Each structure stands twice: as structure tokens, then as C-alpha cells.
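Chemist: This is the structure I want to talk about, given as C-alpha cells.
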DNA sequence: TCCAAACATGATGCCGGTTCACTGTGTTAT
DNA sequence: ATAACACAGTGAACCGGCATCATGTTTGGA
């Protein structure tokens, strides 16, 4: 019984620590979780319209405007006109934005090494299995998000 | 190499999911992470002065005033005068606050069961070992907090 | 011509956090 | 005793982030 509680306690602690650690290192670059998420999404999908981002981040369109505003003023992103549809603005990663996206990837890989390297293989495997199992259970409770009926978007994806 | 990355990805996902899940269920009760933390601290320590809370939550004294304000208006907490030192106010859990603290404990235990029950013991053990190992590594990077030179506090602890 | 999509803007609200100045209260040393 | 210092907490003013709704503008298309 109490073993579970203890394990959950540690797991939550881990969750909070990781979460805060990420938030901290993002803040050091002038980013936040939302903004970083936006950058990552952009990096994977290429230039897209804001509506797509709104859906991907699961927030209101208004909020995307705000996030993009912030990223524009900090130079991570630009708003480019859509080649044919003049209503549409394609949010596009700048050089700096792309570099940042890659740096975030690198940081992640570094962190991965820092956390896991030197761990015995059997323990590592068991750990990842455990994580997966818990993720699965957690997702059963978590809310679902219906897919965007992809209109005629920016290219990418 | 890439195995680490994948594992970290899952772990981060777990961290975020857990974090957000907690935030959500707290919000449902009119709480936030900070306020819940304050309640937990109060539940463990008994009535204490705000300064102690400021230290425990690692925020400014002023901020504690704000958190306590909020918890007072929502009825989780009261401010009681210190019996002898009239400068001091002892923040005290109300009945409702105490119930909430215990409910949070219960919820935790429930969550623990939901996540871990049914997991094979060897995997469970390996998982917790993995969590501990990662926590240890993570803490090496994390900032430290010097202990409060316990003055003449509220009772408890 | 007129509707609807895509986005912008303004007004609000909440959260969490800060600094600075100030009051009221103990403590201590002269 | 009293003057000087230390401590607890508050009020005011602020910053920044995330999120909302309502409303406005431009533009593509039926």
C-alpha cells in the first residue's frame, strides 16, 4: 500500500522538478513552455497559419496571436504572407528560431544523457516500461482532442 | 543513444501530464499549486507564522500575504494572533482546510493505486529505483535552499 | 453582392512573483 | 527609561504569462 504512495511521491517530485527545470532553462532564453511548444511545432511542421497552431497547442486563436507577437518581438518568428491566399499569414521560423529549435533538441539529448547514462541497462529498460505503463494509465483519464479537419494549410506536414 | 532520447521524451511527457493533471484537479477545488503547497505545509507543521511559510515555499513574505489572503477568503485558513508575540500572526488551517489537506492525501493515494496497482512487482521496483536515480541526478543540478534559523515559532514541528 | 474565414485588437481576469516604503511591535544597550 | 535597532506583516505599484470574450478588418469565393 504505502509503497505506492511513496513511489507516487517520488514520481510527482520528479515531475515537478523536471517541469520547473525546463521552465527555468527556457526562461533563461526568454522563452516559456507555451512559446517553446510553438517553436517546436513550427520546426516540425514548417510555416503554418495561426489557426493550426491554435489547434496544436490547444488554446484560443487569440492566445496564439499573443504568443506569436512575443516571438516576433524576440526575433524567433516572423509573419509571412501566404503566397496565394492573402487572408492567411504563415508563421515562420527565423534563422534564430530554427537555431533555437535545434538547440532545444540538443539540450534534450544532453539531459537524456545526463539522466540515463551510467544507468544499468536492465534498470533503464524497466524504468522506461514503467513510464510507458503509467503514461497509458494516465491518458485514460486525460482529455482527448479531436483532429483538425485540415483545411488548405501552409505546406509542411 | 536514441533510446535515451526516447525515454526522456516519455519522461517529460509524463512530467507534464502529471503536472497539468494536478493543476487541473486543484483548480477544480479553487486551488493552485502554490496554495495547495501552503495548505500541505500547514497541515504538516501546524499553525506557523508567515515567515516560516515564506521560507518553506521559497517565496517572498509579501507573496505569502497574498496566498494567505486568497486562502482566507476561500475559507481554508485563518489568521490567529500569536499568544504572546503580538507582531506575529499564526496562519491556521480551518476545519475545511484540514479536510482539504486530507482529501488531497486521499486523492494522492487513489492516484497511486490507479497508476501502480496491477504493475508487476519487479517492474514497479525497477521503476522506483529509476525514479530515485534520476531524482538524485537532477538534484545535483538543482539549486539548494539554506535552512531557516528557527526563531521562536508557532508551536508544532 | 454578401457570407464566412483568418487574423488583429481591446478589455478583462486570474495567477504568481517582485520591490519598496511603512506601521506596529519586541529587544537591547546605553 | 529611553533611544536605536530588528522583525513581522501589509499596501501600493508593478511585471509577465496565460487565458477568455467581443468586436473589427481584410479578403476569398459562392
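Chains as they are written, first to last, in our numbering: chain F, 298 to 454; chain B, 298 to 454.
Ideal Cβ positions, reconstructed from N, Cα and C, are used throughout, including at glycine.
Keep in mind the model is a prediction, meaning the values are calculated, not measured.
Within the 8 Å Cβ cut-off, does residue 401 of chain F reach chain B?
Modeler: Working through the first chain from its first residue, we reach residue 401 of chain F at position 104. Not one chain B Cβ lies under 8 Å of residue 401 of chain F.
Chemist: Just the chain F side, please: which residues come within less than 8 Å of residue 416 of chain B by C-beta, in chain order?
Modeler: Taking the second chain and counting its residues from 1, the one referred to as residue 416 of chain B is at position 119. Going along chain F in sequence order, the residues near residue 416 of chain B (Cβ under 8 Å) are 427, 430.
Chemist: I want to see whether chain F comes within less than 8 Å of residue 324 of chain B, judged by CB atoms only; does it?
Modeler: Against the second chain, residue 324 of chain B aligns to sequence position 27. Chain F contact via Cβ: absent.
Chemist: Provide the residue(s) that pair with residue 389 of chain B in DSSP beta bridges, ordered along the chain.
Modeler: In the second chain, the residue the question calls residue 389 of chain B occupies position 92. Residue pairing for residue 389 of chain B: DSSP places it in a beta bridge opposite B:375.
Chemist: Is it buried or exposed, residue 328 of chain B, if we count other Cβ atoms within 10 angstroms and call 16 or more buried?
Modeler: The residue you call residue 328 of chain B lines up with position 31 of the second chain. Counting the other CB atoms within 10 Å of its CB gives residue 328 of chain B a total of 16 or more, which places it among the buried residues.
Chemist: Once you ignore the five residues that flank residue 448 of chain F on each side, which residues in its own chain have a CB closer than 7 Å to its CB?
Modeler: Here residue 448 of chain F refers to the residue found at position 151 when the first chain is read from its first residue. At residue 448 of chain F the pLDDT is 30, less than 50, meaning the model places this residue with poor confidence and gives no usable figure here.
Chemist: Helix or strand or just coil, what does DSSP make of residue 342 of chain F?
Modeler: As a first step, residue 342 of chain F must be located in the first chain, where it is residue number 45. Correct three-state label for residue 342 of chain F: helix.
Chemist: Can you find the residues in the same chain that come closer than 7 Å, C-beta to C-beta, to residue 333 of chain F, ignoring five residues on each side of it along the sequence?
Modeler: Taking the first chain and counting its residues from 1, the one referred to as residue 333 of chain F is at position 36. Here the set comprises 323, 401.
Chemist: Measure from the alpha carbon of residue 354 of chain B to the alpha carbon of each residue in B:343, B:339, B:317, B:390, then state which is nearest.
Modeler: On the second chain, position 57 is the one that residue 354 of chain B refers to. Comparing Cα positions, the closest option is B:339.
Chemist: Along the alpha helix (DSSP H) that carries residue 312 of chain B, what are the first and last residues, could you check?
Modeler: What you label residue 312 of chain B is simply residue 15 of the second chain in a count that begins at 1. Residues 299-325.
Chemist: On the premise that residue 312 of chain F lies in contact with residue 255 of chain B, defined as a C-beta separation below 8 Å, what is that separation, rounded to the nearest angstrom?
Modeler: The question about residue 255 of chain B has no answer here: the residues shown for chain B are numbered 298 through 454.
Chemist: Mind checking whether residue 373 of chain F and residue 394 of chain F have CB atoms under 8 Å apart?
Modeler: By 1-based counting over the first chain, the position of residue 373 of chain F is 76. By 1-based counting over the first chain, the position of residue 394 of chain F is 97. It is a contact, given that the beta carbons lie within the stated cut-off.
Chemist: Note down, in chain order, each residue of its chain lying with its Cβ closer than 7 Å to the Cβ of residue 335 of chain F, except the 5 sequence neighbours on either side.
Modeler: Stepping through the first chain from its first residue, residue 335 of chain F is reached at position 38. Counting only residues of its own chain and dropping the five nearest sequence neighbours on each side, residue 335 of chain F has a CB closer than 7 Å to the CB of 350, 354, 364, 368.
Chemist: Hey, residue 455 of chain F and residue 434 of chain B are a contact pair by Cβ (cut 8 Å); roughly how many whole angstroms apart?
Modeler: This structure cannot speak to residue 455 of chain F, because chain F is shown only from 298 to 454.
Chemist: State the Cα-Cα distance for the pair residue 389 of chain B and residue 390 of chain F, rounded to the nearest angstrom.
Modeler: Here residue 389 of chain B refers to the residue found at position 92 of the second chain. Here residue 390 of chain F refers to the residue found at position 93 of the first chain. Rounded to whole angstroms, residue 389 of chain B to residue 390 of chain F spans 51 Å at the Cα level.
Chemist: Just the Cα atoms here: how many angstroms apart are residue 321 of chain B and residue 348 of chain F?
Modeler: Your numbering for residue 321 of chain B matches position 24 in the second chain. Your numbering for residue 348 of chain F matches position 51 in the first chain. For residue 321 of chain B and residue 348 of chain F, the distance between alpha carbons rounds to 25 Å.
Chemist: Comparing the C-beta of residue 318 of chain F with each C-beta of chain B, is any distance below 8 Å?
Modeler: Within the first chain, the letter at position 21 stands for residue 318 of chain F. True, the Cβ-Cβ gap to chain B drops below 8 Å.
Chemist: Taking residue 392 of chain F as the reference, give the member of F:359, F:343, F:303 with the closest Cα.
Modeler: Numbered from its first residue, the first chain carries residue 392 of chain F at position 95. Of F:359, F:343, F:303, the smallest CA-CA separation from residue 392 of chain F is found for F:343.
Chemist: Taking CB distances under 8 Å as the criterion, tell me whether residue 442 of chain F reaches chain B.
Modeler: Indexing the first chain from 1 puts residue 442 of chain F at position 145. Confidence in residue 442 of chain F is poor, its pLDDT being 42 and thus under 50, which makes the residue's placement unreliable; the coordinate value appears in the next sentence. Residue 442 of chain F does not count as touching chain B.
Chemist: Is residue 330 of chain F helix, strand or coil by DSSP?
Modeler: Locating residue 330 of chain F in the first chain gives position 33, where the first residue counts as 1. The answer is helix: DSSP assigns residue 330 of chain F an H, G or I state.
Chemist: Any beta carbon of chain B sitting closer than 8 Å to that of residue 329 of chain F?
Modeler: If you number the first chain from 1, residue 329 of chain F lands on position 32. Closer than 8 Å: no.
Chemist: Using the beta-carbon of each residue, which ones in chain B are nearer than 7 Å to residue 423 of chain F?
Modeler: Taking the first residue of the first chain as position 1, residue 423 of chain F is located at position 126. Result: 420, 423, 424, 427.
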